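Below is one structure, written out as structure tokens; comments come after it.
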Amino acid sequence: MAERSTAAVDVADNSGDKPLTAKADEATTDGTAEAEDTKGASPKDTENTDGGRKRSEAVPASPDLHSGHKLAGRYRLEECVTRLDGFSSWRAVDEKLRRAVGVHLLPADHPRARSVLAAARSSALLGDPRFVQVLDAVEENDLVYVVHEWLPDATELTALLAAGPMEAHDAYQLVSQLSQAMAAAHREGLSHLRLTPGAVLRSSTGQYRIRGLAVNAALRGITAERPLRTDTEAIGALLYAALTHRWPYGDDAHGLAGLPKGLGLIAPDQVRAGVHRGLSELAMRALANDGATASRQEPPCTTPDELAKAVAAMPRILPPEPTFTAPPAYQRTTYQQGTYGRPSSHPSAATQPVMPVPPAPLQSRTGRVLKWTVSALLIAALGLGSWQLAEALLDRTKGSDDTGVTEPNEDDKNKDDKSAPSADPLDIAGATEFMPDGSGIKQRDVANTVDGDPGTHWVTPQYKGFANFGNLPQRKQGSGIIVDLGKVRDVSGIDVSMYRSGQTATVSAAPPDASSPSTTADFDQQIVKRTVAGSTLKETLDKPVRTRYVLIHITELPADGAGGYRGGITDISVLG
Numbered sequence: 018m019a020e021r022s023t024a025a026v027d028v029a030d031n032s033g034d035k036p037l038t039a040k041a042d043e044a045t046t047d048g049t050a051e052a053e054d055t056k057g058a059s060p061k062d063t064e065n066t067d068g069g070r071k072r073s074e075a076v077p078a079s080p081d082l083h084s085g086h087k088l089a090g091r092y093r094l095e096e097c098v099t100r101l102d103g104f105s106s107w108r109a110v111d112e113k114l115r116r117a118v119g120v121h122l123l124p125a126d127h128p129r130a131r132s133v134l135a136a137a138r139s140s141a142l143l144g145d146p147r148f149v150q151v152l153d154a155v156e157e158n159d160l161v162y163v164v165h166e167w168l169p170d171a172t173e174l175t176a177l178l179a180a181g182p183m184e185a186h187d188a189y190q191l192v193s194q195l196s197q198a199m200a201a202a203h204r205e206g207l208s209h210l211r212l213t214p215g216a217v218l219r220s221s222t223g224q225y226r227i228r229g230l231a232v233n234a235a236l237r238g239i240t241a242e243r244p245l246r247t248d249t250e251a252i253g254a255l256l257y258a259a260l261t262h263r264w265p266y267g268d269d270a271h272g273l274a275g276l277p278k279g280l281g282l283i284a285p286d287q288v289r290a291g292v293h294r295g296l297s298e299l300a301m302r303a304l305a306n307d308g309a310t311a312s313r314q315e316p317p318c319t320t321p322d323e324l325a326k327a328v329a330a331m332p333r334i335l336p337p338e339p340t341f342t343a344p345p346a347y348q349r350t351t352y353q354q355g356t357y358g359r360p361s362s363h364p365s366a367a368t369q370p371v372m373p374v375p376p377a378p379l380q381s382r383t384g385r386v387l388k389w390t391v392s393a394l395l396i397a398a399l400g401l402g403s404w405q406l407a408e409a410l411l412d413r414t415k416g417s418d419d420t421g422v423t424e425p426n427e428d429d430k431n432k433d434d435k436s437a438p439s440a441d442p443l444d445i446a447g448a449t450e451f452m453p454d455g456s457g458i459k460q461r462d463v464a465n466t467v468d469g470d471p472g473t474h475w476v477t478p479q480y481k482g483f484a485n486f487g488n489l490p491q492r493k494q495g496s497g498i499i500v501d502l503g504k505v506r507d508v509s510g511i512d513v514s515m516y517r518s519g520q521t522a523t524v525s526a527a528p529p530d531a532s533s534p535s536t537t538a539d540f541d542q543q544i545v546k547r548t549v550a551g552s553t554l555k556e557t558l559d560k561p562v563r564t565r566y567v568l569i570h571i572t573e574l575p576a577d578g579a580g581g582y583r584g585g586i587t588d589i590s591v592l593g
């Protein structure tokens with residue numbers, strides 16, 4: 018059964034068809050039963066286990082809770098999206114911050130409760146926006162629950178793969194972003210171990226985010242002797258599926274057909290015509306295991322960091338050129354064809370009345386007198402004007418001779434008339450909310466900042482106590498808008514209309530080769546230094562910077578006169 022929301026944090030495989038109304042400890046929202054946990058996994062990771070958990074392990078029943086139950090006085094459960102193996106996952110509402118969240122629940126006496134708490138707290142400390150963030154991990158009233166972000170506007174990779182194979186540029190972005198994110202997690206000692214299409218989300222800006230880091234595996238008791246290799250092979254499987262629309266093992270999984278039996282692992286460019294050769298080889302290097310080798314004998318990538326370096330060493334794959342629809346053929350009207358006022362050539366059509374032609378104007382005696390009078394006045398006016406013009410030229414020539422002053426030549430005139438070229442607004446392909454801590458504020462209102470309408474805005478909520486967004490943990494780095502110019506352009510300035518004066522802001526640009534920048538470190542070209550902006554924020558650069566992405570970063574908000582702090586942006590123009 019299809020997932021009810023792409024933000025649901027379920028930990029199943031998305032490959033079955035059992036409904037949520039099945040037995041409590043058997044079905045999940047994406048329908049993968051317990052027996053299917055190991056489908057498509059490496060044989061070494063699943064030998065004599067069920068997804069890394071011994072089958073003889075006694076597991077208590079999942080908590081018997083219902084919609085409307087409230088945790089810690091603030092998290093109200095709304096809908097159960099997973100119930101499996103002694104734990105359940107819910108869509109909930111954080112009534113304190115008025116936002117949707119996800120919650121994992123399991124009994125405190127569950128054999129994996131301690132490891133789930135430890136994994137959740139370690140994941141929360143990472144704070145990398147490329148991962149769905151853990152917001153809370155608590156043991157309370159015989160329950161252990163983990164609260165995490167809910168991303169309703171993101172699209173699950175399972176749905177993207179169901180639509181067919183990806184374009185080379187999209188597959189390149191997928192493997193590049195996932196390998197870099199997992200390399201960062203492994204450097205902090207964190208592994209995923211369950212990196213399936215259901216664990217990867219793509220935002221509207223094209224940024225991929227990974228959910229369930231360490232937590233999904235802990236909920237199921239999954240372990241691996243070689244966690245680096247396990248996560249690398251999982252990324253390779255996702256790239257393989259993106260290129261071929263097939264799962265790189267013999268069994269069907271995640272809504273995709275497996276490879277034909279008995280053929281083993283074959284390169285993606287041998288499965289489907291037109292696959293990018295470099296990406297095909299990269300997938301084989303990531304999947305090189307148990308006898309599988311890369312198609313050109315390169316060494317296998319055994320860690321996400323090695324895979325990320327291999328991606329960086331490839332020539333960059335550019336997005337396809339946009340296609341433009343030809344305008345409709347020009348249609349000539351009846352008037353342009355010269356038939357206006359004429360009877361129709363079709364005998365069945367009604368005869369159009371012919372309007373009588375009015376007489377030529379001024380043909381009467383009075384008209385002729387008036388015409389001669391006007392002509393005489395025009396001749397007199399022309400003569401007077403010519404005489405005055407000649408007199409003025411004579412006076413000017415005389416004055417020049419008396420003073421010795423000469424007229425400036427044409428080169429001097431042109432030199433004086435030249436002015437600095439004016440900066441014109443560049444076309445904006447889109448805009449997204451800057452979320453340095455991984456959670457948004459008013460993402461649906463972001464388009465108001467680039468629509469050219471001064472009556473629409475992106476406005477923050479009211480924050481109490483502190484100007485730095487209430488000093489909230491997820492807001493300490495502020496927020497703002499990332500503008501996407503669609504391609505790398507020369508940017509010579511910025512013109513921003515602020516929603517309210519007194520906001521502390523900076524403006525910076527990402528490097529020309531940046532792809533989906535999301536942190537302040539990704540914007541290393543300064544356009545406007547940290548300043549307290551008035552009603553507008555303007556700056557013109559002496560030397561343009563080349564970039565595709567421009568960040569308007571707000572770090573402190575002005576008082577709103579109602580006991581709180583609030584700010585926002587009305588309109589953004591990037592000048593070229």
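Residues 18 to 593 in this note's numbering are what the sequence shown lists, from first letter to last. Yeah, the Cβ is synthetic: ideal placement off N, Cα and C, and Gly gets one too. Being a predicted model, the structure only gives us computed values, none of them experimental.
Check residue i in the structure and name its three-state DSSP category.
i           : result
residue 176 : helix
residue 558 : strand
residue 528 : coil
residue 257 : helix
residue 510 : strand
residue 87  : strand
residue 197 : helix
residue 442 : strand
residue 540 : coil
residue 125 : coil
residue 326 : helix
residue 388 : helix
residue 262 : coil
residue 549 : strand
residue 248 : helix
residue 211 : coil
residue 458 : coil
residue 229 : coil
residue 516 : coil
When you compare the CB positions of residue i and residue j, do they come within less than 8 Å of one another, or not?
i           : j           : result
residue 492 : residue 575 : no
residue 146 : residue 455 : yes
residue 522 : residue 539 : no
residue 446 : residue 510 : no
residue 239 : residue 303 : no
residue 476 : residue 551 : no
residue 79  : residue 108 : no
residue 209 : residue 231 : yes
residue 563 : residue 534 : no
residue 324 : residue 196 : yes
residue 218 : residue 156 : no
Taking C-alpha atoms, which residue in the options lies nearest to residue i?
i           : options               : result
residue 441 : 591, 562, 504 and 534 : 591
residue 127 : 451, 335 and 235      : 235
residue 89  : 339, 206, 161 and 519 : 161
residue 293 : 185, 548 and 195      : 185
residue 113 : 87, 124, 131 and 229  : 87
residue 457 : 470, 497 and 300      : 497
residue 92  : 154, 206, 131 and 280 : 154
residue 140 : 393, 486 and 204      : 204
residue 283 : 268, 300 and 295      : 300
residue 163 : 135, 188, 144 and 170 : 135
residue 297 : 130, 315, 257 and 272 : 257
residue 76  : 548, 96, 105 and 82   : 105
residue 194 : 215, 177, 179 and 148 : 148
residue 202 : 512, 322, 270 and 553 : 322
residue 246 : 270, 291, 211 and 275 : 211
How would you label residue i, buried or exposed, when you count the other beta carbons within 10 angstroms and need 16 or more for buried?
i           : result
residue 311 : For residue 311, the pLDDT reaches just 48, beneath the cut-off of 50, and the residue's location in the model is therefore unreliable, although a value from the coordinates is still provided. Buried is the call here.
residue 226 : buried
residue 578 : exposed
residue 479 : exposed
residue 333 : exposed
residue 190 : buried
residue 391 : exposed
residue 166 : buried
residue 288 : buried
residue 16  : Outside the modelled stretch of the chain, which goes from 18 to 593, sits residue 16, for which no answer is possible.
residue 244 : buried
Are the C-beta of residue i and some C-beta of chain B separated by less than 8 Å?
i           : result
residue 296 : Considering every chain present, this structure includes no chain B. It has just one protein chain.
**Message:** Please give me, in chain order, every unbroken run of the alpha helix (DSSP H) with length at least 4 that falls completely inside the region 272-310.
**Reply:** 285-288 and 294-304
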